[in-house]
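Undergrad: My structure is below; once you've seen it, I'll send some questions.
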Amino acid sequence: LQFAELEGFGEKLLKHNNKIFPYFATDLLKIKSFRTRSDDVFVIAYPKSGTTWTEEIVWLIQNNLDFEKASSVAHSDRVVFLEEKPLVQNDFFEPPRVFKSHLTFDYLPQNIEKNSKIIYVMRNPKDMLVSYFHFVKWIKGFSFVGEFSVILDHFIQNRIIYGNWCEHVNQFFENTKVLFLTFEDLLDSPIETIKKIACFLGKELTDDQTQKLVDFTSFKKMKKNSSFFFQKADDSKQQNQLDLFFRKGEIGDWINYFNEEMSSKLEDKLSKELNPSIQIKYFSS
Ligand code: A3P
4 LQFAELEGFG EKLLKHNNKI FPYFATDLLK IKSFRTRSDD VFVIAYPKSG TTWTEEIVWL
64 IQNNLDFEKA SSVAHSDRVV FLEEKPLVQN DFFEPPRVFK SHLTFDYLPQ NIEKNSKIIY
124 VMRNPKDMLV SYFHFVKWIK GFSFVGEFSV ILDHFIQNRI IYGNWCEHVN QFFENTKVLF
184 LTFEDLLDSP IETIKKIACF LGKELTDDQT QKLVDFTSFK KMKKNSSFFF QKADDSKQQN
244 QLDLFFRKGE IGDWINYFNE EMSSKLEDKL SKELNPSIQI KYFSS
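According to UniProt numbering, the stretch in the sequence shown is residues 4 to 288, in order.
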């Protein structure tokens, strides 16, 4: 692991094999040897694609819709952020364990594919980038100062954290063991998508349970759930952080950030690098 300095970023990031990683992923190269269990579930996504939302749904399904615990125990003590937590701590999490990660297979635990269930979430990269732009501006450790166009250039040249977005998405789409979902499906058809997740996890939910889960994990409710407080600061600061993290939760905010030239730059990259089946299924209108 080396340090990387990226235009606009106030803090040093990490670099490995020409890929940029967040500053906190210092145990990155130890993750491969982490021992998974057969009842482990991994929620994987490129950052700002609906990872937290999906984790919460998965945790609740795995824990028999324990809404009380989901309201009272910090989310970060329920779901393990693989590359952020020192690995030794992961042993303290009781099964059934739910993990989140933004890593690709080359960095994930060696036996993950054979052993555990993997759910992947993709989001329209234009909306993902707008969300990322806001996130890296406010979150400690990134301190991005710059225009949105700088973020777009980083994206085009594979210089945003976790590497080339197209390769990331392709890799999980092409693996038949992975349940491949989209942010847009979760927002547009939450009932069907949640049922799909439950079925993949081998659980059955009644219509009433599904509806309760949809309500509990709605944008408005999650934004008010204090289990997502990011740090033990005073209440006003915590609410501010929640407001920044649960920013809009919408489809299509990109229209306020992209001009025609920027759109065609990004679309050009997708047409060259994204698996054509993904393009046809999700991006042809
Ligand atoms: P926006 O910044 O566009 O609002 P991640 O968890 O991968 O970091 O993704 C964060 C994005 O998911 C943010 O997008 C956040 O608002 C959105 N999000 C989180 N929970 C959500 C929910 N329950 N419904 C809709 N969007 C949600």
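Positions of the beta carbon are idealized from the N, C-alpha and C atoms, including for glycine.
#1: The beta strand (DSSP E) with H171 in it runs from where to where?
#2: Entirely within the region 17-65 and at least 3 residues each: give me those beta strand (DSSP E) ranges in chain order.
#3: Tell me which residue opens and which closes the alpha helix (DSSP H) that S267 is part of.
#4: Look up L182 in the DSSP assignment and say whether it is helix, strand or coil.
#5: Where do the N-terminal and C-terminal ends of the alpha helix (DSSP H) with V153 fall, by residue?
#6: Leaving out five residues before and five after V148 in sequence, what residues of the same chain have Cβ atoms less than 7 Å from its Cβ?
#7: What residue does the alpha helix (DSSP H) around V133 start on, and which one ends it?
#8: For K284, which of D246, F96, D211 and N173 has the nearest alpha-carbon?
#9: Pairs of beta-carbons, one from the region 249-261 and one from the region 124-137, closer than 8 Å: are there three or more?
#10: Would DSSP call S280 helix, strand or coil?
#11: Would you say W56 touches the ligand A3P, meaning its beta carbon is less than 7 Å from a heavy atom?
#12: Here's the rule: buried if 16 or more other CB atoms are within 10 angstroms of the residue's CB, otherwise exposed. What is R40?
#13: Taking one C-beta from the region 59-66 and one from the region 94-112 each time, how about it: are there three or more such pairs within less than 8 Å?
#14: Short check: CB of A73 to CB of S230, under 8 Å?
#15: Taking the alpha carbon of V217 as the point to measure from, which residue in L189, D94, C202 and P25 has its own alpha carbon closest?
#16: What is the DSSP secondary structure of A236, counted as helix, strand or coil?
#17: Closest by CA to F45, which one among S75, L4 and T107?
#18: Could you pull the DSSP bridge partners for residue 291 from this structure?
#19: When you measure from the CB of L184 to every non-hydrogen atom of the ligand A3P, does any distance come out below 7 Å?
#20: Along the chain, where does the beta strand (DSSP E) containing A7 start, and where does it finish?
#21: If contact is defined by three or more beta carbon pairs under 8 Å, each pair taking one atom from either stretch, is the region 140-155 in contact with the region 183-198?
TA: Result, derived from the coordinates:
#1: As a working mapping, residue 171 is identified with position 168 in the sequence shown. First-last for H171: W168 to F176, but that is the alpha helix (DSSP H), not the beta strand (DSSP E).
#2: 22-24 and 44-48
#3: Here residue 267 refers to the residue found at position 264 when the sequence shown is read from its first residue. Taken as a continuous stretch (DSSP letters only), the alpha helix (DSSP H) holding S267 covers E263 to E276.
#4: If you number the sequence shown from 1, residue 182 lands on position 179. Three-state DSSP puts L182 in a strand.
#5: Working through the sequence shown from its first residue, we reach residue 153 at position 150. Segment F151 to I159, the alpha helix (DSSP H) holding V153.
#6: Taking the sequence shown and counting its residues from 1, the one referred to as residue 148 is at position 145. The answer, listed in chain order, is G11 and G13.
#7: Within the sequence shown, numbered from 1, the residue matching residue 133 stands at position 130. Where V133 is concerned, the enclosing alpha helix (DSSP H) stretches over P128 to W141.
#8: By 1-based counting over the sequence shown, the position of residue 284 is 281. Comparing Cα positions, the closest option is N173.
#9: yes
#10: On the sequence shown, position 277 is the one that residue 280 refers to. Three-state result, S280: helix.
#11: For this step, residue 56 is matched to residue 53 along the sequence shown. W56 Cβ: within cutoff of the ligand A3P.
#12: On the sequence shown, position 37 is the one that residue 40 refers to. By the neighbour-count rule (16 or more Cβ atoms within 10 Å), R40 is not buried but exposed.
#13: yes
#14: Your numbering for residue 73 matches position 70 in the sequence shown. Your numbering for residue 230 matches position 227 in the sequence shown. Closer than 8 Å, so yes.
#15: As a first step, residue 217 is located in the sequence shown; it is residue number 214 there, counting from the start. Ranking L189, D94, C202 and P25 by Cα distance to V217 puts L189 first.
#16: Mapped onto the sequence shown, residue 236 falls at position 233. The pLDDT assigned to A236 is 48, lower than 50, so where the model puts this residue is not dependable, and the model offers no usable value.
#17: On the sequence shown, residue 45 is found 42 positions in, with the first residue counted as 1. Of the listed residues, the one whose Cα sits closest to F45 is T107.
#18: An answer regarding residue 291 cannot be provided, because it is not within the stretch 4 to 288 covered by the chain.
#19: Here the question's residue 184 lines up with position 181 in the sequence shown. Not under cutoff, so the answer is no.
#20: On the sequence shown, residue 7 is found 4 positions in, with the first residue counted as 1. Looking at the DSSP string, the run of the beta strand (DSSP E) that includes A7 is Q5 to A7.
#21: no
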